[in-house]
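*Asks:* For the sequence shown, counting from 1, position 30 maps to 30 in UniProt numbering; every step adds exactly one.
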Amino acid sequence: MELSVVIPIYNEEANIGELYQRLMGVLEAMPLPGGFELIFVNDGSRDQSLPLLLNLAGRDERVRYIDFSRNFGHQIAVSAGLDRARGAAVVIIDADLQDPPELIPSLCQKLREGYEVVYAKRRSRQGESFGKRLTARLFYRILANITHISIPVDTGDFRIISRKVVEGLRLMPEQNKFLRGQISWIGYRQTFVEYDRAERAGGATGYTYRKMVRLALDGITAFSDAPLKAATLSGFVVSGVAFLVVLYTLYARFVTRDYQPGWASLMVSILFLGGVQLIAVGIIGEYIARLSANVRQRPLYLISATNTAPPAPGRPEP
Ligand code: UDP
Ligand code: MG
1 MELSVVIPIY
11 NEEANIGELY
21 QRLMGVLEAM
31 PLPGGFELIF
41 VNDGSRDQSL
51 PLLLNLAGRD
61 ERVRYIDFSR
71 NFGHQIAVSA
81 GLDRARGAAV
91 VIIDADLQDP
101 PELIPSLCQK
111 LREGYEVVYA
121 KRRSRQGESF
131 GKRLTARLFY
141 RILANITHIS
151 IPVDTGDFRI
161 ISRKVVEGLR
171 LMPEQNKFLR
181 GQISWIGYRQ
191 TFVEYDRAER
201 AGGATGYTYR
211 KMVRLALDGI
221 TAFSDAPLKA
231 ATLSGFVVSG
241 VAFLVVLYTL
251 YARFVTRDYQ
261 PGWASLMVSI
271 LFLGGVQLIA
281 VGIIGEYIAR
291 LSANVRQRPL
301 YLISATNTAP
311 PAPGRPEP
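1) Would you check if the segment 46–58 and the segment 128–135 touch, i.e. whether three or more CB-CB distances between them fall below 8 Å?
2) Curious, which full-length alpha helix (DSSP H) runs of at least 4 residues does the segment 11–56 contain?
3) Quick one: does E18 have its CB under 8 Å from some CB of chain C?
4) Mind checking whether the beta-carbon of Y10 lies closer than 7 Å to any heavy atom of ligand 1?
5) Can you round the beta-carbon distance between G81 and I39 to whole angstroms, since I take them to be within the 8 Å contact cut?
6) Locate the beta strand (DSSP E) running through T306, then write down its first and last residues.
7) Could you pull the DSSP bridge partners for A89 from this structure?
8) For the segment 70–133, list the beta strand (DSSP E) runs that are entirely contained and at least 3 residues long, ordered along the chain.
9) Run through the DSSP bridge pairs and tell me what Y140 is partnered with.
10) Based on Cα-Cα distance, which residue from G275, G87, L138 lies nearest to E167?
11) For D218, does the three-state DSSP call read helix, strand or coil?
12) Can you tell me where the alpha helix (DSSP H) holding residue 332 begins and where it ends?
13) Classify Y195 as helix, strand or coil using the three-state DSSP reduction.
14) Measure the alpha-carbon distance for L271 versus Q277 and round it to whole angstroms.
15) Measuring alpha carbon to alpha carbon, tell me which residue in V5, V245, P105 is nearest R84.
16) Measure the beta-carbon distance from F178 to A222 and round it to whole angstroms, keeping in mind my assumption that it falls under 8 Å.
17) Taking the C-alpha atoms as reference points, what is the distance between G181 and G187?
18) Using only CA atoms, which one of P8, S239, L215 lies nearest to E286?
19) Is the beta carbon of E199 closer than 8 Å to that of G127?
20) For V238, which residues from the same chain have a beta carbon less than 8 Å from its beta carbon, with the 5 sequence-adjacent residues on both sides left out?
21) Whole angstroms are fine: how far does the CA of I76 sit from the CA of L300?
22) If you run the structure through DSSP and keep just helix, strand and coil, what is G285?
23) Quick one: what's V63 bridged to in DSSP?
24) Using CA atoms only, rank isn't needed, just tell me which of A95, K211, I161 is closest to A201.
25) Does the beta carbon of D225 fall short of 7 Å from some heavy atom of ligand 2?
26) What is the DSSP secondary structure of T208, reduced to helix, strand or coil?
27) I160 and L217 look like a contact to me (Cβ under 8 Å); what is the Cβ gap, rounded to whole Å?
28) Going along the chain, which residues of its own chain have a beta-carbon closer than 6 Å to the beta-carbon of D99, five neighbours each way excluded?
29) For T155, which residues does DSSP report across the bridge?
30) Would L27 be called buried (16 or more neighbouring beta carbons within 10 Å of its own) or exposed?
31) Three-state secondary structure (DSSP) at I149?
32) Closer than 7 Å to a non-hydrogen atom of ligand 1 - does that hold for the CB of K211?
33) Hey, which residues come within less than 6 Å of ligand 2, measuring from Cβ to any heavy atom, in chain order?
34) Can the beta-carbon of V41 be found less than 8 Å from the beta-carbon of I16?
Below you can see the structure in the form of C-alpha cells.
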C-alpha cells in the first residue's frame, strides 16, 4: 500500500459524495503503483454519513471505514485512522473540502524529495467568520511564542506524513491529542506547501467554540509550561508588592502615625490577591485535569464497526 488518506467525518452527509469523487479523480491520476486506500472515520455522526460510507465501501474496496461508538472528537478520529492506515505515507484531510484534494500531488511530490512531513499552510481563508479567523490567528501566534518546539502558524492538520512519522505518533500515548504539535515535536525534515483555504462545501462546522477552546488548551498544556511559570511569576510579583505595602503600613502606623481607616486599600488588595490566586489555581487545574486523564489510561476510542484490519504492533490498540 503506497498511500492512505485519513478523513474524519462528523455530520458530513452533504460533502461525502463530492469528496469521494474529487479524491478519486486526484488519486487515480497519480502514479501510485502500490495502490491507495481511503479511511473514513465516522466520529459519531448523527446524520446520514454512515450509510453513505457503508455504501461507498460496498462499491469500492479501496474505501475503508471505522465507525466510532460515539463522538470522540476530530483529533481522536484522525488518530484512529492513523492507527489503521497501511500506507507508506498518509494524508490527513478534512471532509468538508476546505482542504483541496487537488493539493495532494504537490504534497506527495515534496515527500518524494526526501521530506517526512509536508504540511499545507493556509495563505488565505475564505468563508470563515471574523471571530474564527481572529481567534485562530491569535492562538497560533501565542502558541508559537510560548513553546520551545516550533509549531507552524496558520496550519491545520491537512498534510502528508511518512510511515516513520505515523509510527512516531503511535508511540505517543497522550490522551489529549494535538497532532500538529506532536508532529512538530517528532521532528525529521519538514516542509510546507501553501494554498488558499476554501469555504466549507456543504453542511455546518462541527467545531463549536467549546471544542476549539479545548483544542487550544490541549495544544498549550501539552507543549508549554509557560502558563504555570506565569502563575508562579505573578505570585512572586504580587508577594513583592504586598511586602512593600506591609512595610509602608507599619511605617505609617508607628512612625508617621498618619493612617486612615483604610477601607479602599484593603478591598483592593483582597480582590487583587483573590483574583491572582484563582487564576493560578485555574491554570494548575488545567494541567492536573490532563494529568488525571492520562493516569486513567482509558482507551482513546471505541469502534463499533469497521472493515479495516487491526493495526500492526506499535502502541497497544485501544
Ligand atoms: N470533525 C470530527 N469530529 C468532530 C468535529 C469535526 O471528526 O467532533 C471533522 C469534520 O467532519 C471535518 C474535520 O473534522 O472533516 C474538520 O471539522 P470542521 O470542518 O467542522 O472544522 P473547521 O474547518 O470549521 O475548523
Ligand atoms: Mg472545515
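Backbone N, C-alpha and C define an ideal beta-carbon position, used for all residues, glycine too. Computed from a predicted structure; not experimentally measured.
*Replies:* Reading off the structure:
1) A contact between stretches requires three or more CB pairs, one per stretch, nearer than 8 Å, and the segment 128–135 fails this requirement with the segment 46–58.
2) List check, alpha helix (DSSP H) in window: 16–29.
3) In the structure shown, chain C cannot be found, because there is only a single protein chain.
4) For the purposes of this step, residue 10 is taken as residue 10 along the sequence shown, with counting starting at 1. Taking 7 Å as the cut-off, the C-beta of Y10 counts as close to a heavy atom of ligand 1.
5) Your numbering for residue 81 matches position 81 in the sequence shown. Your numbering for residue 39 matches position 39 in the sequence shown. Taking 8 Å as the upper bound for CB-CB distance, G81 and I39 are in contact here, some 5 Å apart.
6) The residue you call residue 306 lines up with position 306 of the sequence shown. Per DSSP, T306 belongs to the beta strand (DSSP E) from 303–306.
7) Position 89 of the sequence shown holds residue 89. Beta-bridge partners assigned by DSSP to A89: L3, S162.
8) 89–92, 117–125, all fully within the segment 70–133.
9) The residue given as residue 140 occupies position 140 in the sequence shown. Partner(s): none; Y140 has no beta bridge.
10) Residue numbering aside, residue 167 sits at position 167 when the sequence shown is read from its first letter. Nearest of G275, G87, L138 to E167, Cα basis: G87.
11) In the sequence shown, the residue the question calls residue 218 occupies position 218. Three-state result, D218: helix.
12) In the structure as shown, the chain begins at 1 and stops at 318. Residue 332 is therefore absent and cannot be evaluated.
13) Numbered from its first residue, the sequence shown carries residue 195 at position 195. Strand.
14) Within the sequence shown, residue 271 is the residue found at index 271, counting from 1. Within the sequence shown, residue 277 is the residue found at index 277, counting from 1. Those two C-alpha atoms are separated by around 10 Å.
15) Indexing the sequence shown from 1 puts residue 84 at position 84. The residue with the shortest Cα to Cα distance from R84 is V5.
16) The residue you call residue 178 lines up with position 178 of the sequence shown. The residue you call residue 222 lines up with position 222 of the sequence shown. That pair is a contact at about 5 Å.
17) If you number the sequence shown from 1, residue 181 lands on position 181. If you number the sequence shown from 1, residue 187 lands on position 187. Taking the straight line joining both Cα atoms gives about 10 Å.
18) To locate residue 286, count along the sequence shown from 1; it is residue 286. Here the closest residue by C-alpha is L215.
19) Position 127 of the sequence shown, counted from the first residue, corresponds to residue 127. Position 199 of the sequence shown, counted from the first residue, corresponds to residue 199. Going by beta carbons, G127 and E199 fall inside the 8 Å limit.
20) The sequence position of residue 238 within the sequence shown is 238, counting from 1. Apart from the 5 residues on each side of it in sequence, V238 sits with its Cβ closer than 8 Å to the Cβ of F272, L273, V276 in its chain, given in chain order.
21) Start at 1 with the first residue of the sequence shown, and residue 300 comes out as number 300. Start at 1 with the first residue of the sequence shown, and residue 76 comes out as number 76. For the pair L300 and I76, the Cα-to-Cα distance works out to about 7 Å.
22) Your numbering for residue 285 matches position 285 in the sequence shown. Reduced to three states, the DSSP call for G285 is helix.
23) Residue 63 sits at position 63 when you count from the first residue of the sequence shown. DSSP output for V63 lists L38 as bridge partner(s).
24) As a working note, residue 201 is residue 201 in the sequence shown. Measuring C-alpha to C-alpha distances from A201 to each of A95, K211, I161 identifies A95 as the nearest.
25) Walking along the sequence shown from the start, residue 225 turns up at place 225. No, the beta carbon of D225 sits no closer than 7 Å to any heavy atom of ligand 2.
26) Position 208 of the sequence shown, counted from the first residue, corresponds to residue 208. DSSP, reduced to helix, strand and coil, places T208 outside both helices and strands of the structure shown, so it counts as coil.
27) By 1-based counting over the sequence shown, the position of residue 160 is 160. By 1-based counting over the sequence shown, the position of residue 217 is 217. Not confirmed; about 27 Å, so no contact.
28) Numbered from its first residue, the sequence shown carries residue 99 at position 99. Cβ neighbours of D99 within its own chain (closer than 6 Å, five residues either side excluded): I93, F158.
29) Along the sequence shown, one-based indexing puts residue 155 at 155. Checking the DSSP bridge columns, you'll see T155 partnered with K121.
30) Sequence index remark: in the sequence shown, residue 27 carries index 27 (1-based). That one is buried.
31) As a working mapping, residue 149 is identified with position 149 in the sequence shown. Coil.
32) On the sequence shown, position 211 is the one that residue 211 refers to. Indeed, a heavy atom of ligand 1 lies less than 7 Å from the Cβ.
33) Every residue with a CB closer than 6 Å to a heavy atom of ligand 2 is listed here in chain order: D94, D96, Q98, R200, T205.
34) On the sequence shown, position 41 is the one that residue 41 refers to. On the sequence shown, position 16 is the one that residue 16 refers to. No, these two residues do not count as a Cβ contact at 8 Å.
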